[in-house]
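Student:
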Amino acid sequence: MHSSTAWLARPFRERATQLFLGILLAALATVTLLNLALPAGHPLHISTYTVTLLGKYLSYALLAVAVDLVWGYLGILSLGHGAFFALGGYAMGMYLMRQIGDRGTYGDPVLPDFMVFLDWDSLPWYWLGFDMAWFAFVMVLLAPGLLALVFGFLAFRSRVTGVYLSIITQALTFALMLAFFRNEMGFGGNNGLTDFKELLGFDLRSDATRLGLFLATGIALALGYVLCRAIVASKLGRVCVATRDAEARTRFLGYRVERFQLFVFVVSAMLAGVAGALYVPQVGIINPGEFSPIFSIEIVLWVALGGRATLYGAVIGAILVNYAKTVFTGVMPDAWLFALGGLFVLVTVLLPKGISGLLAYRLTPRRLQREPADPSSPHREAST
Amino acid sequence: MTIPPCLGRLLALCLLVWLPLSASAQDDPGQALLEPLDAASYARMGEAIEAIIDSGDARSRGWLEALLGGKLHRHKDTGRFVMVLENRGRDWPVADALTGEALGEMSRRDLDRLGINNALRGQLQGALAVLDLQADGVSERRQAARELLGDVDASLAEPLEAVIRAEQDAEVRRLLQQALAIHRLEVGDVAAVADLQGSLNSRVRAALNSAARSGDPALAEAASMALADIEQKMKLNRGLETLYFGLSLGSVLVLAAIGLAITFGVMGVINMAHGELIMLGAYTTWAMQQLLPGQPGLALVLSIPAGFLVAALAGIAIERGVIQFLKGRPLETLLATFGVSLILQQLVRTLISPLNRTVVTPEWMSGSIMINEGLSLTLNRLYVLGFALVVFAGLMLVMRRTRLGLEVRAVTQNRAMARSMGIRATRVDIMTFALGSGVAGLAGVALSQLTNVGPNLGQNYIIDSFMVVVFGGVGNLWGTLVAGLSLGVINQVLEPWAGAVLAKILVLVFIILFIQKRPRGLFPQKGRAAEG
Amino acid sequence: MNLLHSLADRDRVFDFLVPATSPVDVRHGPILYLEDVTVSFDGFKAIDELNLTIDDGELRCIIGPNGAGKTTMMDIITGKTRPDRGSVWFGSRHDLLAMNEPQIASLGIGRKFQKPTVFEALTVFENLELAMAADKRILPTLTARLTGEFRDRIDEVLATIGLSELRQRPAGILSHGQKQWLEIGMLLMQRPRLLLVDEPVAGMTEQEMERTAELLTGLAGKGKQSVVVVEHDMGFVRSIARTVTVLHQGSVLAEGSMDQVSGDPRVVEVYLGVDPDEEAA
Numbered sequence: 001m002h003s004s005t006a007w008l009a010r011p012f013r014e015r016a017t018q019l020f021l022g023i024l025l026a027a028l029a030t031v032t033l034l035n036l037a038l039p040a041g042h043p044l045h046i047s048t049y050t051v052t053l054l055g056k057y058l059s060y061a062l063l064a065v066a067v068d069l070v071w072g073y074l075g076i077l078s079l080g081h082g083a084f085f086a087l088g089g090y091a092m093g094m095y096l097m098r099q100i101g102d103r104g105t106y107g108d109p110v111l112p113d114f115m116v117f118l119d120w121d122s123l124p125w126y127w128l129g130f131d132m133a134w135f136a137f138v139m140v141l142l143a144p145g146l147l148a149l150v151f152g153f154l155a156f157r158s159r160v161t162g163v164y165l166s167i168i169t170q171a172l173t174f175a176l177m178l179a180f181f182r183n184e185m186g187f188g189g190n191n192g193l194t195d196f197k198e199l200l201g202f203d204l205r206s207d208a209t210r211l212g213l214f215l216a217t218g219i220a221l222a223l224g225y226v227l228c229r230a231i232v233a234s235k236l237g238r239v240c241v242a243t244r245d246a247e248a249r250t251r252f253l254g255y256r257v258e259r260f261q262l263f264v265f266v267v268s269a270m271l272a273g274v275a276g277a278l279y280v281p282q283v284g285i286i287n288p289g290e291f292s293p294i295f296s297i298e299i300v301l302w303v304a305l306g307g308r309a310t311l312y313g314a315v316i317g318a319i320l321v322n323y324a325k326t327v328f329t330g331v332m333p334d335a336w337l338f339a340l341g342g343l344f345v346l347v348t349v350l351l352p353k354g355i356s357g358l359l360a361y362r363l364t365p366r367r368l369q370r371e372p373a374d375p376s377s378p379h380r381e382a383s384t
Numbered sequence: 001m002t003i004p005p006c007l008g009r010l011l012a013l014c015l016l017v018w019l020p021l022s023a024s025a026q027d028d029p030g031q032a033l034l035e036p037l038d039a040a041s042y043a044r045m046g047e048a049i050e051a052i053i054d055s056g057d058a059r060s061r062g063w064l065e066a067l068l069g070g071k072l073h074r075h076k077d078t079g080r081f082v083m084v085l086e087n088r089g090r091d092w093p094v095a096d097a098l099t100g101e102a103l104g105e106m107s108r109r110d111l112d113r114l115g116i117n118n119a120l121r122g123q124l125q126g127a128l129a130v131l132d133l134q135a136d137g138v139s140e141r142r143q144a145a146r147e148l149l150g151d152v153d154a155s156l157a158e159p160l161e162a163v164i165r166a167e168q169d170a171e172v173r174r175l176l177q178q179a180l181a182i183h184r185l186e187v188g189d190v191a192a193v194a195d196l197q198g199s200l201n202s203r204v205r206a207a208l209n210s211a212a213r214s215g216d217p218a219l220a221e222a223a224s225m226a227l228a229d230i231e232q233k234m235k236l237n238r239g240l241e242t243l244y245f246g247l248s249l250g251s252v253l254v255l256a257a258i259g260l261a262i263t264f265g266v267m268g269v270i271n272m273a274h275g276e277l278i279m280l281g282a283y284t285t286w287a288m289q290q291l292l293p294g295q296p297g298l299a300l301v302l303s304i305p306a307g308f309l310v311a312a313l314a315g316i317a318i319e320r321g322v323i324q325f326l327k328g329r330p331l332e333t334l335l336a337t338f339g340v341s342l343i344l345q346q347l348v349r350t351l352i353s354p355l356n357r358t359v360v361t362p363e364w365m366s367g368s369i370m371i372n373e374g375l376s377l378t379l380n381r382l383y384v385l386g387f388a389l390v391v392f393a394g395l396m397l398v399m400r401r402t403r404l405g406l407e408v409r410a411v412t413q414n415r416a417m418a419r420s421m422g423i424r425a426t427r428v429d430i431m432t433f434a435l436g437s438g439v440a441g442l443a444g445v446a447l448s449q450l451t452n453v454g455p456n457l458g459q460n461y462i463i464d465s466f467m468v469v470v471f472g473g474v475g476n477l478w479g480t481l482v483a484g485l486s487l488g489v490i491n492q493v494l495e496p497w498a499g500a501v502l503a504k505i506l507v508l509v510f511i512i513l514f515i516q517k518r519p520r521g522l523f524p525q526k527g528r529a530a531e532g
Numbered sequence: 001m002n003l004l005h006s007l008a009d010r011d012r013v014f015d016f017l018v019p020a021t022s023p024v025d026v027r028h029g030p031i032l033y034l035e036d037v038t039v040s041f042d043g044f045k046a047i048d049e050l051n052l053t054i055d056d057g058e059l060r061c062i063i064g065p066n067g068a069g070k071t072t073m074m075d076i077i078t079g080k081t082r083p084d085r086g087s088v089w090f091g092s093r094h095d096l097l098a099m100n101e102p103q104i105a106s107l108g109i110g111r112k113f114q115k116p117t118v119f120e121a122l123t124v125f126e127n128l129e130l131a132m133a134a135d136k137r138i139l140p141t142l143t144a145r146l147t148g149e150f151r152d153r154i155d156e157v158l159a160t161i162g163l164s165e166l167r168q169r170p171a172g173i174l175s176h177g178q179k180q181w182l183e184i185g186m187l188l189m190q191r192p193r194l195l196l197v198d199e200p201v202a203g204m205t206e207q208e209m210e211r212t213a214e215l216l217t218g219l220a221g222k223g224k225q226s227v228v229v230v231e232h233d234m235g236f237v238r239s240i241a242r243t244v245t246v247l248h249q250g251s252v253l254a255e256g257s258m259d260q261v262s263g264d265p266r267v268v269e270v271y272l273g274v275d276p277d278e279e280a281a
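Written as structure tokens, this is what we have:
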């Protein structure tokens, strides 16, 4: 039995992972301390608003880690991971909607407000069970996982890879966005799900709950990171890298490449779903905008900026870009798209290894020789 | 141009003082025709109307219309007949009914309206219709005859017969026959059904429908049969209409995608900014129209080369500034060009406006051609469809018959070999990209005639365009044409029962599934090179 | 669909339960048998009614001018390309046309590519680790741990291919010749029954060529491995070949010992292009 779990323990012995976890936990503790122990007027006090903002960044970071797992190590550029994130978010949102009970505007004990508004007289079947927390939490994993399973099964089986895969993942999230915009779908249409009251009995507007959500997101990020590291450091992770760089060769070694791709894709989708589920109670709303192709492609930028195939780079990138977005949209909203667009161009043209590439270069120049020459994979079939 | 209100009132006052002095009106025969209209009884008024019609006076149409619309008034003090140009507010602008000369504003309290009742209204409508039927232009007469359908009553039936006999144009005669037949149908004439057979006019169908429900079984039977026949024709019409809309949508898709088929299919470059190149083409059209106010047609024609040029130059800038550094890294190219697309969008928002701009459709492109009474094709869509085919043919010509096309194909198939044979691959890259981008600009010019021109224009087409290229088979222009047109038609066929959004979703899902089945699209490139 | 079908078939053993490496039946002699195989790309027949038999333990060299269909033949055997017609059998039990690449690889057919393909981002050691014969399903791969026995085996192969010193370096930094060796090492780790080796000595020094020749001739033998070598270097072929097959325009032109084959006037013609009309046809 020991041997079947040893792979999970492996990351804890890695220096880099220890460092990452140390920094993350220290940051969580510091934020908690500065929020609780200092009075509101103190210059170092971190307001609950900021805590929630940081919590949002952390959920984005988990999402970025999920994307890096498939892009960095498997070479699959998913332009539809926002869909998995949103599905996880909707699963959580449906639970939160059911928790509102009769406190909605229309006071219906069962139906959410938007259904009363649409004159529906009963819950659609797919809303059943979402009043139970455990069911909803399982769906947070299952909904994105199943979509990834079906989509990935079809795509990988027919060896749709490279830019083709990117394009159809984009089409997937676009189709879902259109679908969720429809009122008839029963997910609140344009407005999405909002006006949440409480989660597991905790008032979502209270400071304590918000701090708790922040910490839960931080811990989820730590666990997700360790899981991804464990996968990457296992032999399976090496099969992924082999697939990324020379898919045909890997097949000739006897690996069912499409099954490995599918496995990692589904794991990644589930992680994205968890990130979405943690995101929703903190921002207080989930709407079809999360399905928009632009959001999905933005996630990829976070990873690219942080540095692909490092995992920690994804975390750095997600936090940096979103912090910049918060600052920019506050100070000069018009300039944000220029900055974002410019970032896309600069990172891909001038900084192909992202920030972590710079870090690795500064810290250990010799390590550079051990890095792949170019992870964008000159051998991939789509590049021809 | 507008006169300040106080000044206007002053002017009106002067006119009023001057009015009684202009006495030449008394000599006008029109005055004698109008005078009886101000009669005590409606019956006398009716006679007066007849008299006006019989007079053949060129102004009679205007008088009758004004009377029908309640615009014909008489000045209380002077007894002068005036037409009210706009009855809003306390003072109304008026014109002399006889001379048509503008008389400034008059207080409405000084005016008496010549009122009519329903019977007179019917008489006036009929009279106007008959008047129109005597117009000189054939198209005016046809239009008048069409409007008569369903409006013929017993009083009109007789004069109409005379008109039919005098009419030279067969189409007008046919329409009038139908108008008469509807009247005959209404009075229970079974034989009238035969005259209405196969007509797609909605009023004819309404008349047949009510006849089909009539108490007379013979009439009901005949009318039902005629209706069934018409329904058959309507079905065909609807099918043709769906096909037309589908092809029209498809031609838009082809236009949007064909440039992409070149850059993506031929060069293997993913250009996410392709949509914004389309947008640039559309904005070029807008700018052209701003430069040439009042000449939208000329501006549109000039936009075709201009749009091509603007988009091609932008494309060259993208190729030189970004893409050339990312050779052989398709996924990075995708991301970088996406960044470019964000910048271009924001640039338009900042420099021009975040709001949609209006692009005028020139006169020769608006309106529609009528295939039959149930089916008319909008001209602008027809033009775009034709334009798409011309652009496609032009591209085929460039790729098949020119030196550039040859070099492009050579570089596509074997870069190293082409280079060793003296082809400057870099130059070919630039030219190919410029060509693909320029075609995107052409798509923008065409789209400006169909949709709103705004910063998001390109974004709305980029996913569709990729779908078309992938569906058709990358690197195959014919595939793009077939894929674009068929996706357009599929979309339109689905729309009636699924709704626009669901139809789009279904098409997307269909393509996603199709790609699983045939990863290389409808027309795959086969061979060792394609195996990668 | 297939899975459902096999689930409904209760008296059968499920496909996924059958061990991937069931024994190859070579009691009837041949280990590889190609019959009337034809494949065309856009009308061009790359392989034209090809018949080829490789006996168990044989070392066979295949030569032929460019475009003769050598690489396409390998693609067909390893499942990368599906022929339009014909049949391909591995031993007398396994129909290769019904399998995909990993299944064929698991059966024991290893392939070395014309252009050396190693995993450049992984170390030399990791390259060999991935190639090693092992349970290659997902969960066993995820939980796999390197036992001492596996380690020894990798060390052994590292010594054979002369890359022990470079074991922890990424394969991307190896020279062309070293990559060739690494790929041969990966083949050895797979412990295949049949090795398909495409141009193994391109970019090698005389000395390395000798070692390769030694290695390949040592591998082949009854009950051990069968080896098919595609090579352009006639000197190398002469040094290892027992039987040589000449491919031309997708089918077998001549077969026999090196001397027989090189004396065949048709072969000379094909190689030297004596008769241009013949070439064009």
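Chains as they are written, first to last, in full-length UniProt numbering: chain A, 1 to 384; chain B, 1 to 532; chain C, 1 to 281.
Note that the Cβ used here is the ideal one computed from N, Cα and C, for glycine as well.
Check distances from the C-beta atoms of the region 93-106 of chain C to those of chain A and list, in chain order, the residues that come in under 7 Å.
Tutor: Residues 101, 102, 105 and 106.
Student: My guess is that residue 261 (chain C) and residue 228 (chain C) are in contact by the Cβ rule of under 8 Å, so how many angstroms apart are they, rounded?
Tutor: As a position in the third sequence, residue 261 (chain C) is number 261, starting the count at 1. As a position in the third sequence, residue 228 (chain C) is number 228, starting the count at 1. With 8 Å as the limit, residue 261 (chain C) and residue 228 (chain C) do not qualify as a contact, their Cβ atoms being about 16 Å apart.
Student: Would residue 70 (chain C) count as contacting chain A if we go by Cβ distances under 8 Å?
Tutor: Counted from its first residue, the third sequence places residue 70 (chain C) at position 70. Answer no: the Cβ-Cβ gap between residue 70 (chain C) and chain A never drops below 8 Å.
Student: Could you check if residue 168 (chain B) is buried or exposed, using at least 16 other CB atoms within 10 Å of its CB as the buried criterion?
Tutor: Taking the first residue of the second sequence as 1, we reach residue 168 (chain B) at position 168. Result: exposed.
Student: Going by Cα to Cα distance, which pick from B:472, B:215, B:304 and B:230 is closest to residue 187 (chain B)?
Tutor: In the second sequence, the residue the question calls residue 187 (chain B) occupies position 187. That would be B:215, whose Cα lies nearest to the Cα of residue 187 (chain B).
Student: Given a threshold of 16 other Cβ atoms within 10 Å of its Cβ, counted over all protein chains shown, does residue 176 (chain C) qualify as buried or as exposed?
Tutor: What you label residue 176 (chain C) is simply residue 176 of the third sequence in a count that begins at 1. Residue 176 (chain C) is exposed by the Cβ-count criterion.
Student: According to a CB-to-CB cut-off of less than 7 Å, which residues of the region 374-390 of chain B neighbour chain A?
Tutor: The region 374-390 of chain B vs chain A, Cβ under 7 Å: nothing.
Student: Cutting at 8 Å between CB atoms, please list the residues of its own chain near residue 23 (chain B), excluding the five before and the five after it.
Tutor: Translated into positions along the second sequence, residue 23 (chain B) becomes position 23. In this prediction, residue 23 (chain B) scores a pLDDT of 46, lower than 50, which makes its location untrustworthy; the coordinate-derived value is nonetheless stated afterwards. Answer for residue 23 (chain B): no residue qualifies.
Student: Can you name, in chain order, every residue of its own chain whose Cβ lies under 7 Å from the Cβ of residue 70 (chain C), other than the five neighbours on each side?
Tutor: Here residue 70 (chain C) refers to the residue found at position 70 when the third sequence is read from its first residue. Same-chain partners within the cutoff: 62, 64, 230 and 247.
Student: Mapping the DSSP letters down to three states, classify residue 384 (chain A) as helix, strand or coil.
Tutor: By one-based count along the first sequence, residue 384 (chain A) stands at place 384. Model confidence at residue 384 (chain A) stands at a pLDDT of 29, short of 50, so the residue's coordinates are unreliable; what they give is reported in the following sentence. Residue state, collapsed to three classes: coil.
Student: Can you list the residues of chain C that residue 255 (chain A) reaches, using a CB-CB cut of under 7 Å?
Tutor: Translated into the one-based positions of the first sequence, residue 255 (chain A) becomes position 255. Those are 102 and 136, listed as they occur along chain C.
Student: Have a look at residue 308 (chain A) and residue 343 (chain B) and give me their C-alpha separation to the nearest angstrom.
Tutor: Within the first sequence, numbered from 1, the residue matching residue 308 (chain A) stands at position 308. Within the second sequence, numbered from 1, the residue matching residue 343 (chain B) stands at position 343. Taking the straight line joining both Cα atoms gives about 24 Å.
Student: Comparing C-alpha positions only, which one of B:382, B:356, B:447 and B:480 sits nearest to residue 392 (chain B)?
Tutor: Against the second sequence, residue 392 (chain B) aligns to sequence position 392. Comparing Cα-Cα distances from residue 392 (chain B) to each of B:382, B:356, B:447 and B:480, the minimum goes to B:480.
Student: Would you say residue 159 (chain A) reaches chain B, if we count a Cβ-Cβ gap shorter than 8 Å as a contact?
Tutor: Indexing the first sequence from 1 puts residue 159 (chain A) at position 159. By this cut-off, residue 159 (chain A) is an interface position.
Student: Less than 8 Å between the beta carbons of residue 449 (chain B) and residue 359 (chain B), yes or no?
Tutor: The count along the second sequence starts at 1 and reaches residue 449 (chain B) at position 449. The count along the second sequence starts at 1 and reaches residue 359 (chain B) at position 359. A contact, by the Cβ cut-off of 8 Å.
Student: Of the choices A:280, A:332, A:304 and A:43, whose alpha-carbon is the least far from that of residue 77 (chain A)?
Tutor: For the purposes of this step, residue 77 (chain A) is taken as residue 77 along the first sequence, with counting starting at 1. If we check each option's Cα against that of residue 77 (chain A), A:304 comes out closest.
Student: Would you verify that the beta carbon of residue 165 (chain C) is, or is not, closer than 8 Å to some beta carbon of chain A?
Tutor: For this step, residue 165 (chain C) is matched to residue 165 along the third sequence. No, residue 165 (chain C) lies away from the interface with chain A (no Cβ there is under 8 Å from its Cβ).
Student: What residues in the region 265-297 of chain A have a beta carbon less than 8 Å from any beta carbon of chain C?
Tutor: Listed in sequence order: no entries.
Student: Please list the partners that residue 193 (chain C) has in chain A, where partner means a Cβ-to-Cβ separation under 7 Å.
Tutor: Counting from one through the third sequence, the residue named residue 193 (chain C) turns up at place 193. Result: empty, since nearest Cβ-Cβ is about 13 Å, beyond 7 Å.
Student: Just by C-beta distance, which residues in the region 351-368 of chain B are closer than 8 Å to chain A?
Tutor: Answer in chain order: no residues at all.
Student: Would you give the residue range spanned by the alpha helix (DSSP H) that residue 330 (chain B) belongs to?
Tutor: For the purposes of this step, residue 330 (chain B) is taken as residue 330 along the second sequence, with counting starting at 1. 330-351 is the span of the alpha helix (DSSP H), which, as asked, contains residue 330 (chain B).
Student: With distance defined between alpha-carbon atoms, name the residue in B:523, B:118, B:92 and B:385 nearest to residue 110 (chain B).
Tutor: The residue given as residue 110 (chain B) occupies position 110 in the second sequence. That would be B:92, whose Cα lies nearest to the Cα of residue 110 (chain B).
Student: In the region 6-23 of chain A, which residues sit with their C-beta less than 7 Å from some C-beta in chain C, listed in chain order?
Tutor: If the cut-off is 7 Å between Cβ atoms, the region 6-23 of chain A has 6 and 7 near chain C.
Student: Residues of the region 162-196 of chain A in Cβ contact with chain B at a cutoff of 8 Å, in chain order, please.
Tutor: Flagged, chain order: 162, 163, 164, 166, 167, 168, 170, 171, 172, 174, 175, 178, 179, 181 and 182.
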